[in-house]
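Every letter in the sequence shown is one number past the one before it in UniProt numbering, and letter 448, counting from 1, is 448. Idealized CB from N, CA, C, for every residue including glycine. Just so it is clear, the structure is predicted and the values come from calculations on it, not from any experiment.
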Amino acid sequence: MIFMVEGVAEPPYGEDFKAMLSAEKDMRERRSAVQACLGLDELPITIPMFPRLGAGNFTSTETMSSKKLYSHVMSEDLFSHFERSKVMSDNLRGRRGTIPGANIPIFRDVNTPWPWKDESVNWTHIKEETPLPFPTPAPNCVYVDHFSWSGGACGLQATFQAKNMEEAQSLHDQLCPLSALMLALTAGSPCYKGYLVDTDSRWHVTNALNDDRSMSEILSQNGLDENATASQMRWSFSPLYAGHGDCPIEEYQSYSSGNSDDQAILEKSGMDPDLARFFAHMLKFDHLIVDPKHLEPESASDTYHFRALIGSLWPDIRFKPPPDESDIGWRVEFRPMEVQMTDFENAAFVVFMALMRRAISYFDLNFYIPMSLVAENMRRAVMRDAVNQNKFWFREVVRPEEASTGSPSSGNDTDDSNPATGYREMSLKEIMCGSDPNAWGSSLEGGAPFPGLIYLVHSMLDAVNVDSETRTVLDGYLEFVAKKASGDLWTTAKWMRHFVQTHENYKADSVVSEDICYDLMCAIEDMTLGRAHGPTF
């Protein structure tokens, strides 16, 4: 049996740096709590996607006994009994008018048949009983068509508290350009439905399987490029900056809200134009679920319908207004990362993002680049071995004092006020570790020297005088992230792909057989429990 379990820190971590040290311990305790509910031969393994989900004997016979109304292989019994999940998926399909599907390019190995066809796709047993049409499987692609491959994929999220709305707006915007970087660093989904695929992440698959656009809407967007199309979907990168204060961001807004009427109403009510455009984009979507008890608002200040709407939108960075009658305040969710195999890795990435959040505020960092390039970065981040093979657009000058004084790290010929010249393509190693020879862990790769995000975090920690015990642990996490970015340590996806390809029973045909998958799970168990380590992982 396969379950996907969500774990939440309770209570939230405190503000001081020492509180960050509790993240790893908390994750171990949550893992132990799940283990206590399982049998002796069961283990909570934290990976984004089970490699053979939807292939062969991946679950119990009882779970697959009902009719497969909305998938070529998945039974509706795979859903939990939590009504919200079932209703939301039904309504998404109903609005679309067809079954959402995703075609994932197969990884072509030396013995992979070519052209390749997904032989698991069999329509004969469901065509007569299926109320909605299915999409067409593409050649040389693994075909998936059920929410088990989207809602059943596991991510690693971090939610940050802001002191007010303006800080939440700023934090949302500065996290947007970091999203693709962290998605690439945490990539861990090289296998789907028992095959090696040519991508490393779940993001594009989940995007397609949560696409509720009707056929008329899809046809109306035919002239848009791939990234612009993604900006119109429920599961997507956050397509608009929220803006804050007097910071001019118009030149970085690559996409419109698509909802000028609501935008005008919000502006007329006193909302600033950037934030009005941001919320108007959300309001253009239909609700996927509404509680019958809340069909009519209880008062003019009742926010149930708004909260229900944003709860059915899944951007990589989620801007969260305070709940009704609560002292929780404004929050921002960082949602792109994929879950890692060990508690240390998960803690390292969460703590790194918490440190980046502090560095953004401490130095008043500016990461703005055109949103179209954020979208392009997200497209590149899911590619195979993106850490080593791809470059990503990033801002060259990120500290205000460098932009105003023309310091060496801003370069001699870069006009940072001009969005056409204030950024360039860099490797993940350069963005994270820096291209300035004087920066921590850096290596010059050409272009204007860039200090590196990890160097900025170290500079902040130096300035605030963190105690030595806390600093030692934080430095360990930062070193881990730096080695991931440099390629010295492999991503989960690269390690899993290598394990499959070097397994004695692998036939170099892209197939992840049951015995290979079993041995892979055993190897992950050994690393989870600290019984094994690898020089590249």
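For the segment 323–384, the full-length alpha helix (DSSP H) segments reaching 4 residues or more read 343–363, 371–381 along the chain.
Of the residues 279, 294, 301, the one whose Cα lies closest to the Cα of residue 310 is 279.
If only uninterrupted beta strand (DSSP E) runs of at least 3 residues are considered, those enclosed by the segment 129–167 are 141–144, 158–161. Residue 56 and residue 519 have their alpha carbons spaced roughly 16 angstroms apart.
Each of 102, 228, 247 was checked against the Cα of residue 174, and the nearest Cα belongs to 247. Take the alpha-carbon of residue 208 and the one of residue 71: they are about 15 angstroms apart. Counting the other CB atoms within 10 Å of its CB gives residue 215 a total below 16, which places it among the exposed residues. The DSSP-derived three-state label of residue 485 is helix. Taking the CA atoms as reference points, residue 229 sits about 7 angstroms from residue 221.
Note that the C-beta distance between residue 140 and residue 104 is not below 8 angstroms. Contact annotation: residue 395 and residue 423 have beta-carbon atoms nearer than 8 angstroms.
In the displayed model, residue 320 falls within a strand according to three-state DSSP. With a threshold of 16 other beta carbon atoms within 10 Å, residue 531 falls short and is exposed. Going by DSSP, residue 454 is part of the alpha helix (DSSP H) stretching over 453–464.
Uninterrupted alpha helix (DSSP H) stretches at least 4 residues long and entirely within the segment 255–282 occur at 260–268, given in chain order.
In this structure, the alpha-carbon of residue 384 lies about 27 angstroms from that of residue 5.
450 is the residue among 350, 450, 373, 435 whose C-alpha sits nearest the C-alpha of residue 399. Residue state for residue 13 is assigned as coil, using DSSP reduced to three classes. In summary, residue 8 is exposed, with fewer than 16 beta-carbon neighbours lying within 10 Å of its beta-carbon over all protein chains present. For the pair of segments examined, the segment 196–206 was found not to touch the segment 346–357: the number of CB pairs separated by less than 8 angstroms stays below three.
The beta-bridge partner set that DSSP reports for residue 196 consists of 191.
Counting only the Cα atoms, residue 486 lies some 37 angstroms from residue 274.
When DSSP states are grouped into helix, strand and coil, residue 203 belongs to the helix group. Per the DSSP secondary-structure output, residue 102 pairs in a beta bridge with 144. The three-state secondary structure of residue 237, taken from DSSP, is coil. In the structure shown, residue 450 adopts coil according to DSSP, grouped into three states. Take residue 372, set aside five residues on each side of it, and the residues of its chain with a beta-carbon closer than 7 angstroms to its own are 227, 254, in chain order. By the Cβ rule, the segment 328–336 does not count as touching the segment 134–153, because fewer than three pairs are nearer than 8 angstroms. For the set 90, 510, 351, the Cα lying nearest the Cα of residue 476 is the one of 351.
DSSP places residue 306 in the uninterrupted alpha helix (DSSP H) bounded by 304–310. The beta carbon of residue 488 sits closer than 7 angstroms to no other beta carbon from its chain once the five residues preceding and following it are set aside. With a cutoff of 8 angstroms on beta-carbon distance, residue 474 and residue 349 are scored as not near each other. According to DSSP, residue 392 shares a beta bridge with 426. Here residue 43 really is in contact with residue 525; their C-beta atoms are around 6 angstroms apart, less than 8 angstroms.
Here DSSP, grouped into helix, strand and coil, assigns residue 315 to strand. By the criterion of at least three beta-carbon pairs nearer than 8 angstroms, the segment 231–246 is in contact with the segment 169–186.
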